[in-house]
Amino acid sequence: MRLQSTSSESAFLGGVIEGKPVDFSHGDVDAFLPAPGALDAFLEGYRRGGSQAYTEYLGDAAVRDIVADRLGAFTGAPPSAAEDLIVTPGTQGALFLAMGATVTSGTKVAVVEPDYFANRKLVRFFDGVLVPVELDYLGSTGRAGLNLDQLEAAFRDGAQVLVLSNPNNPTGVIYSEAEIDAIARLADKFGATVIVDQLYSRLLYEGHAYTHLRARSAARENLITIMGPSKTESLSGFRLGVAFGASAIVERMAKLQAIVSLRAAGYSQAVLNIWLAEPDGWMRDRIRQHQAIRNDLVGILSGVDGLALRTPEAGSYLFPRLPELTISSIDFVRALRQQAGVTVTPGVEFGPRSFESIRFNYSQNHEAAVAAVERTAALIDRYRVQRVARRA
Numbered sequence: 000m001r002l003q004s005t006s007s008e009s010a011f012l013g014g015v016i017e018g019k020p021v022d023f024s025h026g027d028v029d030a031f032l033p034a035p036g037a038l039d040a041f042l043e044g045y046r047r048g049g050s051q052a053y054t055e056y057l058g059d060a061a062v063r064d065i066v067a068d069r070l071g072a073f074t075g076a077p078p079s080a081a082e083d084l085i086v087t088p089g090t091q092g093a094l095f096l097a098m099g100a101t102v103t104s105g106t107k108v109a110v111v112e113p114d115y116f117a118n119r120k121l122v123r124f125f126d127g128v129l130v131p132v133e134l135d136y137l138g139s140t141g142r143a144g145l146n147l148d149q150l151e152a153a154f155r156d157g158a159q160v161l162v163l164s165n166p167n168n169p170t171g172v173i174y175s176e177a178e179i180d181a182i183a184r185l186a187d188k189f190g191a192t193v194i195v196d197q198l199y200s201r202l203l204y205e206g207h208a209y210t211h212l213r214a215r216s217a218a219r220e221n222l223i224t225i226m227g228p229s230k231t232e233s234l235s236g237f238r239l240g241v242a243f244g245a246s247a248i249v250e251r252m253a254k255l256q257a258i259v260s261l262r263a264a265g266y267s268q269a270v271l272n273i274w275l276a277e278p279d280g281w282m283r284d285r286i287r288q289h290q291a292i293r294n295d296l297v298g299i300l301s302g303v304d305g306l307a308l309r310t311p312e313a314g315s316y317l318f319p320r321l322p323e324l325t326i327s328s329i330d331f332v333r334a335l336r337q338q339a340g341v342t343v344t345p346g347v348e349f350g351p352r353s354f355e356s357i358r359f360n361y362s363q364n365h366e367a368a369v370a371a372v373e374r375t376a377a378l379i380d381r382y383r384v385q386r387v388a389r390r391a
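In terms of numbering that gives the first Met the number 0, the sequence shown opens at residue 0 and continues consecutively.
Below, the structure is given as structure tokens:
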């Protein structure tokens, strides 16, 4: 959906707040270098020549063997490398293929709101029917806040597919074990397919546990899990993703990939040989660095009067709900970019209930991110509706 401004630049208040521009709409791979060994693995694939360039549609068989073993250890439920796993052009490519393999005209799809913006767009692209399910992340503690009654009602009303991200993008919350068990039970009861994007399932902060939906046996038969090294491992430039799960769905995904792109880029596939096998301590350090940025940004935003925020439990996203402003949230996003050099993603991209929210991807240079969020806080204060206290 294109977001239209409702006011002109002349309506903006005050002048420019100087500072280094920061684009929070995506992560900064220059701030967090790619996982070690990625370039060497790519070059090794290049040296293999045609055998690596022209792999099977599912992906290079040797790469899939390695990745399947590691994903089995990570998730607690090993996939078959031969039938249950496909290498794709990025996790976005995996999501497209999974939706294309399960959604046709009129298919009812339960979509969590808020959640990754491409989910809703893909349902519409494939002419499916959106069935929203609320995630009350601000009003919940100890759980993500999925409305399980709405989810069951969606399945009863004929929803054949559920798509969600865990950890949730944009809020950074993790589904509790009880929520995962309920999702698996309901999907099994109604025979629904579940597509779960677990892109940030390695970037978990201290004190938080993660339950893999795949590890719940009731969910495996109609489940597709999507992962990849593009975010936490900063390998987005190689355009790599994997999807694994129900073999019948993976087979359809491979047929669609053969039409759309033939295969994931062959030389890039070799980079997966180093994924999930980084040097000891590397992932721990990456998590520690992101958690330090998260803590500083949450500290700043928590001091903003009227702003609502839940501290992320995983990933690299902050999703604050703005206080009442004198301009629309869309115009505030525009003012933020023009007056403070800060680019964020409007919350409405993640669902119509999130119109008053904005998303930060804080996988950035630490110092620059802190300064940019300080400017954001100052601009919120500039545009906040000032309430005059009533006299007794």
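C-beta atoms are modelled at their ideal positions from N, C-alpha and C, and glycine is treated no differently.
These numbers come from a predicted model, not from an experiment.
For residue i, which of helix, strand or coil comes out of DSSP?
{"i": "F154", "result": "helix"}
{"i": "P228", "result": "coil"}
{"i": "S50", "result": "helix"}
{"i": "I173", "result": "coil"}
{"i": "G44", "result": "helix"}
{"i": "G92", "result": "helix"}
{"i": "I326", "result": "coil"}
{"i": "Q3", "result": "Bear in mind that the predicted position of Q3 carries a pLDDT of just 44, short of 50, making it unreliable; the figure below should be weighed with that in mind. Reduced to three states, the DSSP call for Q3 is coil."}
{"i": "R383", "result": "strand"}
{"i": "T101", "result": "helix"}
{"i": "A388", "result": "Per-residue confidence for A388 stands at a pLDDT of 44, beneath the threshold of 50, marking its modelled position as unreliable; the derived number appears in the next sentence. Of the three classes helix, strand and coil, the one that applies to A388 here is coil, per DSSP."}
{"i": "T342", "result": "strand"}
Out of curiosity, what's the CA-to-CA distance linking residue i and residue j?
{"i": "A368", "j": "L296", "result": "8 Å"}
{"i": "A76", "j": "S216", "result": "9 Å"}
{"i": "R1", "j": "P345", "result": "Because the pLDDT of R1 is 32, which lies under 50, any placement of that residue in the model is unreliable, and the question is left without a value."}
{"i": "E133", "j": "G144", "result": "8 Å"}
{"i": "Y56", "j": "V62", "result": "13 Å"}
{"i": "P10", "j": "N360", "result": "Inspection of the sequence shows that residue 10 is occupied by Ala rather than by Pro. Taking the straight line from one Cα to the other gives about 28 Å."}
{"i": "V341", "j": "A80", "result": "43 Å"}
{"i": "T210", "j": "A177", "result": "9 Å"}
{"i": "H25", "j": "A158", "result": "32 Å"}
{"i": "T103", "j": "G127", "result": "6 Å"}
{"i": "Q337", "j": "A269", "result": "42 Å"}
{"i": "Q3", "j": "R333", "result": "Because Q3 sits at a pLDDT of 44, beneath the cut-off of 50, its placement in the model cannot be relied upon, and the following sentence gives the value as read from the coordinates. The straight-line gap from Cα to Cα measures roughly 10 Å."}
Report buried or exposed for residue i, applying the criterion of at least 16 other Cβ atoms within 10 angstroms of its Cβ.
{"i": "Y266", "result": "buried"}
{"i": "R283", "result": "exposed"}
{"i": "W274", "result": "buried"}
{"i": "E205", "result": "exposed"}
{"i": "H207", "result": "exposed"}
{"i": "Q363", "result": "buried"}
{"i": "V122", "result": "buried"}
{"i": "H289", "result": "buried"}
{"i": "G244", "result": "buried"}
{"i": "T90", "result": "buried"}
{"i": "F41", "result": "buried"}
{"i": "D51", "result": "According to the sequence shown, residue 51 is Gln rather than Asp. Burial call: buried."}
{"i": "A391", "result": "The predicted position of A391 is uncertain, since its pLDDT is 38 and thus under 50; no value can be drawn from it."}
For residue i, list the residues DSSP reports as bridge partners.
{"i": "E348", "result": "Beta-bridge pairing links E348 to no other residue."}
{"i": "S164", "result": "D196"}
{"i": "E112", "result": "E133"}
{"i": "L203", "result": "A313"}
{"i": "K19", "result": "Note: K19 sits in no beta bridge, so no partner."}
{"i": "A307", "result": "R320"}
{"i": "S356", "result": "R320"}
Can you tell me the Cβ-Cβ gap for residue i and residue j, rounded? I've got them flagged as a contact below 8 Å.
{"i": "M252", "j": "L96", "result": "4 Å"}
{"i": "N168", "j": "G314", "result": "7 Å"}
{"i": "L317", "j": "L308", "result": "7 Å"}
How about residue i: is its Cβ closer than 7 Å to a heavy atom in the ligand GTP?
{"i": "F125", "result": "With respect to the ligand GTP, the structure shown offers nothing to examine, as it has no ligands at all."}
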